[in-house]
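Quick notes on the structure that follows.
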Amino acid sequence: MEINNNQPTQELSKPKMNVWAKWGIGCLGCLGFIVILGIILGGCSLLWFATDTETDKIAVSNMTVEEIEDKKANAQTIEYPQLKKNPDKYKGEYVTYTGQIAQIIESGSRTDIRLAVTENDYGYDMGDIIYIKYVGITDFVEDDIITVYGTITGTHRYKSQANYNVDLPGLNADELIPK
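Residues are numbered in the numbering used here as their position in the sequence shown, beginning at 1, plus a constant of 199.
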């Protein structure tokens, strides 16, 4: 049997992808990358927060009931104008405030509260706000009156929905009590 090498051979060509298929695969790849990046960065922030939470729990758990009650009995209330003027001056001070919840947001095991702390003839002044971080969830809702015990953390800064920087005195709460 003789093989004829003079005949043209047919090359098998790979099917070509159309432009839309390439574009779709590229988009899925980018979307996958963004999701993975979000998971990684989200996990990092959760680890950062968990570390702070664990430190707070350890500090409280090493105290006896008597020590906690004594700490609460000696908690002071700093007048809001003084605290607002220079929150960092009072960083580390153990304080107590009673006020009306202007806003409350729970996420996971953390609660953030904007608390109006200056009482006037009409209720509480919604311009005199302290930003409270509390590890745990609560049954409180907006407009509830509560008493909080905790440590001043200095200035808490965040961006408003209107994209303004908002600076408020910050407080890490040990306990929230209904009034």
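Each residue gets a CB set at the ideal place from its N, CA and C atoms; glycine is no exception.
Assigned exposure category for residue i - 16 Cβ within 10 Å defines buried
{"i": "L245", "result": "Confidence in L245 is poor, its pLDDT being 36 and thus under 50, which makes the residue's placement unreliable; the coordinate value appears in the next sentence. Exposed, because fewer than 16 other Cβ atoms sit within 10 Å of the Cβ of L245."}
{"i": "N364", "result": "exposed"}
{"i": "A272", "result": "exposed"}
{"i": "Q299", "result": "buried"}
{"i": "I376", "result": "exposed"}
{"i": "A258", "result": "Low confidence applies here, because A258 scores a pLDDT of 46, under 50, leaving its location unreliable; read the following figure in that light. Answer is exposed; the Cβ neighbour count stays below 16."}
{"i": "V264", "result": "exposed"}
{"i": "Y330", "result": "buried"}
{"i": "K332", "result": "buried"}
{"i": "V340", "result": "exposed"}
{"i": "P286", "result": "buried"}
{"i": "T250", "result": "At T250 the pLDDT is 35, less than 50, meaning the model places this residue with poor confidence and gives no usable figure here."}
{"i": "I304", "result": "exposed"}
{"i": "I224", "result": "exposed"}
{"i": "I233", "result": "exposed"}
Extent of the continuous alpha helix (DSSP H) run through residue i
{"i": "E265", "result": "V264 to A272"}
DSSP beta-bridge partners of residue i
{"i": "N319", "result": "G322"}
{"i": "G349", "result": "V294 and A372"}
{"i": "V365", "result": "Y357"}
{"i": "T310", "result": "E305 and Y333"}
{"i": "I300", "result": "L314"}
{"i": "T344", "result": "Reading off the sequence, residue 344 comes out as Ile, not Thr. I344 pairs with Q299."}
Extent of the continuous beta strand (DSSP E) to which residue i belongs
{"i": "K283", "result": "That residue, K283, is in no beta strand (DSSP E); its alpha helix (DSSP H) goes Y279 to K284."}
{"i": "V334", "result": "I328 to V334"}
Closest residue to residue i among the options (Cα-Cα distance)
{"i": "Y289", "options": "P280, A361, G353 and I336", "result": "G353"}
{"i": "I328", "options": "Y321, D373, T297 and I267", "result": "T297"}
{"i": "P368", "options": "S306, I336 and K284", "result": "K284"}
{"i": "E374", "options": "T337, A301 and I303", "result": "T337"}
{"i": "V294", "options": "I303, E305 and L282", "result": "L282"}
{"i": "K378", "options": "H355, I344 and Y348", "result": "I344"}
{"i": "T276", "options": "D366, G349, I312 and N261", "result": "G349"}
{"i": "M325", "options": "K358, Y279 and D311", "result": "Y279"}
{"i": "D311", "options": "V334, I351, K358 and R356", "result": "V334"}
{"i": "L314", "options": "G307, D320, E292 and T346", "result": "T346"}
{"i": "D342", "options": "V316, N371 and E268", "result": "V316"}
{"i": "Y323", "options": "E266, A372, D366 and A301", "result": "A301"}
{"i": "E292", "options": "R309, L370, I351 and S359", "result": "I351"}
{"i": "H355", "options": "G307, E266 and L370", "result": "L370"}
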